[in-house]
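Colleague: Once you've had a glance at the structure underneath, I'll fire off some questions.
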Amino acid sequence: MVDNVFKSFIAELLVLNKGERVSNFEYRGKRYWLKQAEHHSGVMRILKPSPLEAIKTEVLTLKKMAEKLAPVPKLVLAEKDFFVVEDVGSTVKQWLTEEQISQPCMHQILNDSAKALANLHKMSLAHGRPALRDISWQDGQVTFIDFEASQYKKDLDYQQVRDLLVFIHSLYRYLGPLHDFIVPAIEQYRLQGGEAIWQNAAKCLKKWQWLYYPVSLFKNRGGRDLTPVYWVLKHFRGQSAHSFG
Ligand SMILES: Nc1ncnc2c1ncn2[C@@H]1O[C@H](COP(=O)(O)OP(=O)(O)O)[C@@H](O)[C@H]1O
Ligand SMILES: [Mg+2]
114 MVDNVFKSFI AELLVLNKGE RVSNFEYRGK RYWLKQAEHH SGVMRILKPS PLEAIKTEVL
174 TLKKMAEKLA PVPKLVLAEK DFFVVEDVGS TVKQWLTEEQ ISQPCMHQIL NDSAKALANL
234 HKMSLAHGRP ALRDISWQDG QVTFIDFEAS QYKKDLDYQQ VRDLLVFIHS LYRYLGPLHD
294 FIVPAIEQYR LQGGEAIWQN AAKCLKKWQW LYYPVSLFKN RGGRDLTPVY WVLKHFRGQS
354 AHSFG
C-alpha cells in the first residue's frame, strides 16, 4: 500500500501540518493518523525525553506489539520524526462524552476495554499508560494506542500493576464516582485473567492507604487528578485482597 504516491501525499501533509503533533487524514477512502515528534519549548526541553527518541520508542513498541498479535493500530509508514498508523475508531473517552450513548452501550464499552487490558496482560505485555483517551473501541473491537510512555524500565509485574491503576484512575477521572459502571468493568478485568495483578495492586496500595483520609478532604474539590485518587484508594480499601498478610 505504501507506494511513492502515498509517500508524496504524506510529504505534503507534513508541510501543511508542520509542527502539529497528531493529525488524521483520508487516503483512498481510508482514514489514517499522522503522529509527529513533539516540539518542546523552554523547560520542557529538559523535562521531557528527546522527541525523536520518543517516536523511535513508539514505533518499536508498535512493531513488537503487532508481532505478538496484540491489538494495536497497523503501522503503515515510519520515519525518524513521524509515523503513520491506520485509524482504529473513537476512543473510550470520546464514546463516554457522546450525548446519546445508551447505558448498555456504555457498560459494553467499559467491560470490553477492561477485558482487552486483561488479555494484553495475559500476553505478558503492558501498555504503559492505558488512560481512556488512549484506548479505542469500534464495534466491540478494542485497540490500544499511544505507546510513548516508557515500557522497559521496570519489570513486567510492576508495569502491569501500574497499567491497572492508571486504567482505574482514568475510569474515575472521566466518569466520576459512577460505581455502577466502574465496578463491573474492574470485575471483568479480574474475571478475564487479571485477578493476580489486581491482588498485587491491592497489596501495593495498602502501603498508601494512610493517604485515604487526607485525600478524602479533596474528594469533592481535588480536581481531575486528585479526586480520582480518592476513589481508587476507596475501591481497594472496600475489598479484601486475599494475599493481605
Ligand atoms: N490510530 C488511531 N485511531 C484513532 N484515533 C487515534 C489514533 N491515533 C491517535 N488517535 C487520536 O489522537 C489522540 C492523540 O494521539 P496519541 O497517540 O495519544 O498522541 P499523544 O502522545 O499526543 O497523546 C488520541 O487520544 C486519539 O484520540
Ligand atoms: Mg495520548
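All residue numbers for the sequence shown refer to our numbering, where the first residue is 114 and numbers rise by one.
Beta carbons are placed, not taken as given, at the ideal position from N, Cα and C, and that holds for glycine.
Computed from a predicted structure; not experimentally measured.
With H, G and I counted as helix, E and B as strand and the rest as coil, what does DSSP make of Ser237?
Modeller: It is coil, neither helix nor strand.
Colleague: Considering only C-alpha positions, which residue in the set Tyr287, Val205 and Gln352 is nearest to Phe257?
Modeller: Closest option to Phe257, Cα to Cα, is Val205.
Colleague: Taking a contact to mean a Cβ-Cβ separation below 8 Å, would you say Tyr326 touches Arg350 in this structure?
Modeller: No, Cβ-Cβ distance for Tyr326 and Arg350 is not below 8 Å.
Colleague: Whose C-beta lies closer than 6 Å to the C-beta of Leu245 among residues of the same chain, with five residues either side of it excluded?
Modeller: Closer than 6 Å at Cβ, skipping near neighbours: Val205, Lys206, Ser283 and Tyr287.
Colleague: Going straight from the alpha carbon of Ser356 to that of Gln312, what length do you get?
Modeller: Interpretation of Ser356 is limited by its pLDDT of 41, a score under 50 that renders its predicted location unreliable; the figure taken from the coordinates is listed afterwards. Roughly 7 Å separates the two Cα atoms.
Colleague: In angstroms, rounded to a whole number, what distance separates the CA positions of Ala179 and Val135?
Modeller: Cα-Cα distance, rounded: 21 Å.
Colleague: Under DSSP, the alpha helix (DSSP H) around Thr340 begins and ends at which residues?
Modeller: Run containing Thr340: Gly336 to Arg350, per the alpha helix (DSSP H) assignment.
Colleague: Output the distance between the C-alpha atoms of Ile168 and Val185, rounded to the nearest integer angstrom.
Modeller: C-alpha separation (whole angstroms): 16 Å.
Colleague: Mind checking which residues open and close the alpha helix (DSSP H) that includes Trp250?
Modeller: Here Trp250 belongs to no alpha helix (DSSP H); instead the beta strand (DSSP E) covers Ile248 to Gln251.
Colleague: With DSSP collapsed to three states, give me the class of Ile123.
Modeller: Here Ile123 sits in helix by DSSP.
Colleague: Spatial neighbours of Leu127 within its chain, please: C-beta separation below 8 Å, excluding the five flanking residues on both sides.
Modeller: Counting only Cβ-Cβ distances below 8 Å, and skipping sequence neighbours, we find Leu147, Gln149 and Phe195.
Colleague: Relative to the C-alpha of Phe315, which candidate in Val201, Arg275, Arg337 and Asp259 has its C-alpha closest?
Modeller: Here residue 315 is Ala; the residue named in the question, Phe, does not match the sequence. When only C-alpha atoms are compared, the closest one is Arg275.
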